[in-house]
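2 protein chains.
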Amino acid sequence: MTGTLTTAQITADDLEALARGAAVLGTGGGGDPYIGRLLAAQALREHGPVTLVAPSDLPDDAQVFPVAMMGAPTVMVEKTPSVERIGATVAELARHLGVTPTHIACIEAGGVNSTFPLVAAAQLGLPVVDGDGMGRAFPELQMVLQTLAGIGCTPMSIADEKGNVGVLQTVDNRSAEALARSLTLTMGCSAIISNYVMTGVQAPASLVAGTLSLCTRIGSRVAQVRAEHGDAVGAVAAELGGRVLHSGKVTDVARRTTTGFARGTAVVSGGAGELVLEFQNEHLVARRDGTVEVTTPDLIIVLDTDSGEPVTTEALRFGHRVSVLAAPADERWHSPDGIALVGPRYFGYDTDPVRFDAREAR
Amino acid sequence: MTGTLTTAQITADDLEALARGAAVLGTGGGGDPYIGRLLAAQALREHGPVTLVAPSDLPDDAQVFPVAMMGAPTVMVEKTPSVERIGATVAELARHLGVTPTHIACIEAGGVNSTFPLVAAAQLGLPVVDGDGMGRAFPELQMVLQTLAGIGCTPMSIADEKGNVGVLQTVDNRSAEALARSLTLTMGCSAIISNYVMTGVQAPASLVAGTLSLCTRIGSRVAQVRAEHGDAVGAVAAELGGRVLHSGKVTDVARRTTTGFARGTAVVSGGAGELVLEFQNEHLVARRDGTVEVTTPDLIIVLDTDSGEPVTTEALRFGHRVSVLAAPADERWHSPDGIALVGPRYFGYDTDPVRFDAREAR
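Listed in order, the protein sequences are those of chains A and B. Going by my numbering, the first residue of the first sequence is number 7, and it counts up by one from there. Going by my numbering, the first residue of the second sequence is number 7, and it counts up by one from there.
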């Protein structure tokens, strides 16, 4: 792809741009892109490029297997799974289902989980679907458009880097989250999962199309605009149909780690007052002077003001000069069921959802 | 069986004696026998009696599926699984393995887990093996003679009463314990498991033979001797080749629940001074005046002095008049590998194992 999108293949050379763009859509979560990119580069060099297929081009009888990393990406750096182990996690689920996977997919857009599936695709010699189940990153397994479409998270496989593997079949997608989360914690906070298996009929209706292309385009634009000493932050906003909410310095960051998630607040001070970000892995609420400006499910993105590089919630530091962008989420997230699944109240914030409005004046 | 052991069938009428004897071998743990007995009675009335097969009578190509309840038996009372769900947990593992179960077995001797497998056996119409994997109760999955014999705990199935089910495949039996334990906690502290599948060749070498017969015999003797106003406690000691260490009143019980286990100490005061029991679900160490008299793996059993009924560590109360028995464990537990797996140091007690000596004078 390398930014031009004229080919339908992803090579090792595309990974830098792809991972950067994915971290933008990761909205502060989704993991540091470094480790996913490293593994994908190894797999693509070893097994060759991966073909990209649009959801609408899938044959009806396609068997699409999403693959993801569950847990804390920081831990994954120390417990890197082998390329083979990632493919084996897909194979284990395929064996359980008695079907042959034809395509690999991403379940979320995020630094790790947009590149991680490429490892399985390369190793298994399968194409990857150009789309994902969220259009952004969210922290829990049931928070995907597949849940809204009635597609089960299970049967799912879950494995660690040592060779322990489980297959779960649950009564609903939230139970899958609970059981897989407890296994992930026992596996040392890092697990490989494959779930939400879809046919070629189901996939187009329950994926956000074009995510990998979009990630690559965003990542390439940032590099290009930066090389031209242009406004990288503005370029990202333009690609996403979004807007810069605020630019300034991080003047406060408060974090607490509860039940495996990094929760906290960050204050960005600047000319237009203070913007307070509330996050739980991902940035979920942006307030200014006590007024909520944007909430989940819309995207709240923090970029380094100078470089345009995405900043994860884990990397936010006092004194960091950042710009905060907002951009619209996939329309399906704004349905009543979508809001029940990923709206601010689900995360414990006492506010109704506030949609991003691109036209709003500042 | 009903105490005479002339038939090789277990009927609903045998369950009272069986469950009582199993709670004796449960050495304070293994769960309150009531719920297992209730479920087994329902299954045996509905599906008819279950045939008992000696391990040595198993055909070589037998596929023996142990079944057990994992977690806190007190919780199980509130979340009773259906008879069908227990059979389905065996069927799920059988499906995964691609084999047809021919026999059901007990993985431990204990109030719940000696009767629980009868539910699966009755429902699936399979005979049950007269034996178990411990000859007593222990708290963790890897603590079975199968581990010493090199038999894997996994593939194992694990299910809750709602219909959530998992199949685990682990690199060793201790990892199976860790992962299944975390699932059990998330399932609400109570799960149905099937594991340690054995062939008819493997089973005789890795089971303690005759456990269900022994449990029934002990349970019947207690009822019989009590009816004759005899010494029920002495009768139990005689059946087990054991000895009464101490009789007296419980004068102190200290409990703390850590990582899912009920740990603590109990002091039994009487004519011959004080006997201190240290327990973790099961009674594991008995000390008198600072000297260790008996430790795990040998059996330390607490009975109600008047009735001869077994008393679980959960039911121990201040003022309770009890007798403490010791009895020898299966010889294989005293091997170096056995001691490493279930000796006092594994449980965190700073003492070498002290074997029970039936000849020792008091």
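Every residue gets a Cβ at the ideal spot worked out from N, C-alpha and C, and that includes glycine.
Check: Pop quiz: S200/A and V56/A are said to be a contact at Cβ under 8 Å. What is the actual Cβ separation, rounded to whole angstroms?; Outcome: In fact, because the Cβ distance is near 16 Å, the residues do not count as touching under 8 Å.
Check: Report yes or no: is there a C-beta of chain A within less than 7 Å of the C-beta of L185/B?; Outcome: yes
Check: What three-state label does DSSP hand G37/B in the structure shown?; Outcome: coil
Check: Which of helix, strand or coil does DSSP assign to I113/A?; Outcome: coil
Check: Do C221/B and A28/B have their CB atoms nearer than 7 Å?; Outcome: yes
Check: What are the complete beta strand (DSSP E) segments, minimum 3 residues, inside the region 313-368 of chain A?; Outcome: 327-333
Check: I'd like to know if the region 282-296 of chain A and the region 28-39 of chain A are in contact, where contact means that at least 3 CB-CB pairs between them fall below 8 Å.; Outcome: yes
Check: Within its chain, find whatever has a CB closer than 8 Å to the CB of V214/B; leave out the 5 residues flanking it on each side and keep chain order.; Outcome: A115, G137, D138, G139, M140, G141, L151, D336
Check: Residues of chain A with CB under 9 Å from T357/B, in chain order?; Outcome: Per Cβ cutoff of 9 Å: no residues; T357/B is ~30 Å from chain A at best.
Check: Could you confirm whether any beta carbon from chain B is found closer than 7 Å to the beta carbon of A367/A?; Outcome: Note that A367/A scores a pLDDT of 44, beneath 50, so its modelled location is shaky; the value from the coordinates is reported in the next line. No, A367/A does not count as interfacial toward chain B.
Check: Using a beta-carbon distance below 7 Å, is D20/A in contact with chain B?; Outcome: no
Check: Nearest chain B C-beta to T222/A closer than 7 Å, yes or no?; Outcome: no
Check: From P334/A to V348/B, what distance separates their C-alpha atoms?; Outcome: 58 Å
Check: Please determine if the region 118-137 of chain B and the region 163-179 of chain B are in contact, where contact requires at least 3 C-beta pairs separated by less than 8 Å.; Outcome: no
Check: Counting pairs of beta carbons, one from the region 147-163 of chain B and one from the region 203-214 of chain B, are three or more of them closer than 8 Å?; Outcome: yes
Check: Going by the DSSP bridge assignment, what does P145/B pair with across the sheet?; Outcome: None, per the DSSP bridge assignment.
Check: Got a sec, what are the start and stop residues for the beta strand (DSSP E) T297/A sits in?; Outcome: 297-301
Check: Which residues in chain A have a C-beta closer than 7 Å to the C-beta of L174/B? List them in chain order.; Outcome: G172
Check: Could you give the C-beta distance for A332/B and L251/B, rounded to a whole number, given that I count them as a contact under 8 Å?; Outcome: 5 Å
Check: Considering Cα atoms alone, identify which of D63/B, G225/B, L50/B, P123/B is closest to F71/B.; Outcome: P123/B
Check: Would you mind telling me which residues of chain B sit closer than 8 Å to K255/A, beta carbon to beta carbon, in chain order?; Outcome: Chain B residues near K255/A: none, gap ~42 Å exceeds 8 Å.
Check: Return the chain-ordered list of same chain residues with a C-beta closer than 8 Å to the C-beta of V239/B, the five sequence neighbours on each side being excluded.; Outcome: V250, S253, L309, T311, G314, S329, L331
Check: Can you grab the Cα-Cα spacing for the pair T357/A / L58/A, in whole Å?; Outcome: 39 Å
Check: Along the alpha helix (DSSP H) that carries I224/B, what are the first and last residues, could you check?; Outcome: 217-233
Check: Among D363/A, M149/A, A165/A, L246/A, which has the Cα closest to the Cα of I345/A?; Outcome: M149/A
Check: Using a Cβ-Cβ cutoff of 8 Å, what residues of the region 159-171 of chain B are near chain A? List them in chain order.; Outcome: K168, G169, N170, V171
Check: Measuring only between beta-carbons, confirm whether V273/A sits less than 7 Å from chain E.; Outcome: Of the protein chains in the structure, A and B, none is chain E.
Check: What does a CB cutoff of less than 6 Å around P303/A pick up in its chain, not counting 5 residues either side in sequence?; Outcome: A335, W339, V348
Check: For T13/B and R223/B, what's the separation of their Cα atoms in angstroms?; Outcome: Its pLDDT being 49, under 50, T13/B is placed unreliably in this model, and the value from its coordinates should be taken loosely. T13/B and R223/B: Cα-Cα distance of roughly 13 Å.
Check: Using only alpha-carbon positions, find the residue among V134/B, V118/B, E320/B that is nearest to T108/B.; Outcome: V134/B
Check: When you compare each of V228/B, P342/B, V256/B, L99/B to A244/B by their alpha carbons, which one comes out closest?; Outcome: V228/B
Check: Measuring CA to CA, which of M75/B, E167/B, A74/B, G117/B is closest to L24/B?; Outcome: G117/B
Check: Is the CB of S188/A under 7 Å away from at least one CB in chain B?; Outcome: yes
Check: Using the three-state DSSP reduction, which class does L21/A fall into: helix, strand or coil?; Outcome: helix
Check: When you compare the CB of P350/B with every CB in chain A, is at least one pair closer than 7 Å?; Outcome: no
Check: Since F353/A and L290/A are thought to touch, with beta carbons under 8 Å apart, how far apart are those beta carbons, to the nearest angstrom?; Outcome: 5 Å
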